[in-house]
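S.K.:
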Amino acid sequence: MSPPAALFLALTLCAVGCAEPEPACSAPIDEACIPLFDPTFNELHRRVLLPTCSTGGGACHAISGARGGLILEDLDGAYEALVGASRVIPGEPSCGPILSRLNTQDGDRLMPPGRRLDDGTLCAFQRWVEGGAPR
9 MSPPAALFLA
19 LTLCAVGCAE
29 PEPACSAPID
39 EACIPLFDPT
49 FNELHRRVLL
59 PTCSTGGGAC
69 HAISGARGGL
79 ILEDLDGAYE
89 ALVGASRVIP
99 GEPSCGPILS
109 RLNTQDGDRL
119 MPPGRRLDDG
129 TLCAFQRWVE
139 GGAPR
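Have a look at this one:
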């Protein structure tokens with residue numbers, strides 16, 4: 009193996025081995041929760057993902073930021089980035105990185121950073137995922 013290829017392989021293995029794994033499934037939000045709005049992807053995108061995560065209050069997941077490789081500005085692209093990339097596991101609201109990050113008590117992992125979404129909004133995410141995360 010050539011020295012550049014060996015270096016690339018070593019760095020790749022280190023990055024993979026050192027990355028923090030997503031936590032296992034967490035407890036879902038209260039089963040009796042009441043969503044703040046209709047739990048559809050269009051509403052989640054319009055009311056939460058766009059203003060909170062990409063263009064409004066935070067630009068972490070805008071095209072210019074793309075933290076974690078996640079871009080949420082475009083409706084179709086956001087859906088594919090969440091469901092198509094296994095960040096959301098349809099039908100499993102207590103699993104998947106997105107709901108885990110939205111529900112965590114760990115301030116270093118919480119999304120959006122620095123503040124937890126209100127219970128009605130979290131419930132809308134949960135109901136959408138429970139319903140199979142349809143587009």
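Numbering follows the working numbering, in which position 15 of the sequence shown is assigned residue number 23; successive positions increment by one, without gaps. For glycine and all other residues, C-beta sits at the position ideal for the given N, C-alpha and C. Just so you know, these numbers come straight off a predicted model, no measurement behind them.
DSSP state of S108, grouped into three classes?
M.R.: Position 100 of the sequence shown, counted from the first residue, corresponds to residue 108. Helix, per DSSP.
S.K.: Just checking, does the stretch 116-132 make contact with the stretch 82-92 on the three C-beta pairs under 8 Å criterion?
M.R.: Short answer: they don't touch.
S.K.: Which residue wins for smallest C-alpha separation from R143, given the options C131, V96, T129, L107?
M.R.: Position 135 of the sequence shown, counting from 1, holds the residue named residue 143. Among C131, V96, T129, L107, the Cα nearest to that of R143 belongs to V96.
S.K.: Applying the 10 Å Cβ sphere with the 16-neighbour rule, what's the burial state of P43?
M.R.: What you label residue 43 is simply residue 35 of the sequence shown in a count that begins at 1. Answer is buried; the Cβ neighbour count reaches 16.
S.K.: Please determine, among C103, A70, L78, L80, the residue with the shortest C-alpha to C-alpha distance to E138.
M.R.: For the purposes of this step, residue 138 is taken as residue 130 along the sequence shown, with counting starting at 1. Selected option, being the one with the closest Cα: C103.
S.K.: Mapping DSSP to helix, strand and coil, what is F45?
M.R.: Sequence index remark: in the sequence shown, residue 45 carries index 37 (1-based). Correct three-state label for F45: coil.
S.K.: Please list, in chain order, all residues of the same chain as F133 whose beta carbon is under 7 Å from its beta carbon, the five residues on each side excluded.
M.R.: What you label residue 133 is simply residue 125 of the sequence shown in a count that begins at 1. So the list reads L52, L107, L110, once near-sequence residues are dropped.
S.K.: Go to D127, then tell me how far its alpha helix (DSSP H) extends in each direction, as first and last residue.
M.R.: Reading the sequence shown from its first residue, position 119 is the one you call residue 127. That run of the alpha helix (DSSP H) goes 127-138.
S.K.: If you drop the 5 nearest sequence neighbours on each side, which residues of the same chain put their C-beta closer than 8 Å to that of L19?
M.R.: In the sequence shown, the residue the question calls residue 19 occupies position 11. Summary for L19: the model assigns pLDDT 36, below 50, so the residue's position carries little reliability; its value from the coordinates is reported in the next sentence. Excluding its 5 nearest sequence neighbours in each direction, L19 has no C-beta neighbour in its own chain below 8 Å.
S.K.: Taking the CB atoms as reference points, tell me whether P101 and G140 lie closer together than 8 Å.
M.R.: Along the sequence shown, read from residue 1 onward, the residue named residue 101 stands at position 93. Along the sequence shown, read from residue 1 onward, the residue named residue 140 stands at position 132. Cβ atoms of P101 and G140: not closer than 8 Å.
S.K.: Taking the alpha carbon of C33 as the reference point, which residue from A74, S72, S62, T112 has its own alpha carbon closest?
M.R.: Along the sequence shown, read from residue 1 onward, the residue named residue 33 stands at position 25. When only C-alpha atoms are compared, the closest one is T112.
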